[in-house]
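Counting from 1 along the sequence shown, just add 82 to a position and that's the residue number in this note's numbering. Beta carbons are placed, not taken as given, at the ideal position from N, Cα and C, and that holds for glycine. Written out below as structure tokens is the structure these notes cover.
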Amino acid sequence: MCGFYDDEQKIKKGDKALYKNENITIVSAKHLSENRTMDITYIAENDVLQKILNIPYKTSGFGLSLVQRLI
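Next up, the structure:
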């Protein structure tokens, strides 16, 4: 199961993305099978606190745009 960026690429740990006009780094993407969702933990470029975005499996359209992926 996966979560997706608006362009339907998979969300992965270490990705740099744009969310709500902020540059963020994906810290983790954890599957929660009990409610069929994913917790996307991220940190904003100008922040020290981690935040969590909970999205349903296999969905896109949450305003996440991939900027850079580690190779």
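query, result
"Would you mind working out which of D89, A111, R118 sits nearest Y124, comparing C-alpha positions?", "A111"
"Does the beta-carbon of D97 have 16 or more other beta-carbons within 10 angstroms, so that it is buried, or is it exposed?", "buried"
"Between A99 and K133, what straight-line distance do the alpha-carbon atoms span, to the nearest angstrom?", "14 Å"
"Counting only the same chain and skipping the five closest in sequence on each side, list residues whose C-beta sits under 8 Å from that of I137.", "G85, T119, M120, I122, F144"
"Could you tell me how far apart the beta carbons of I108 and K94 are, in whole angstroms, since I believe they sit closer than 8 Å?", "7 Å"
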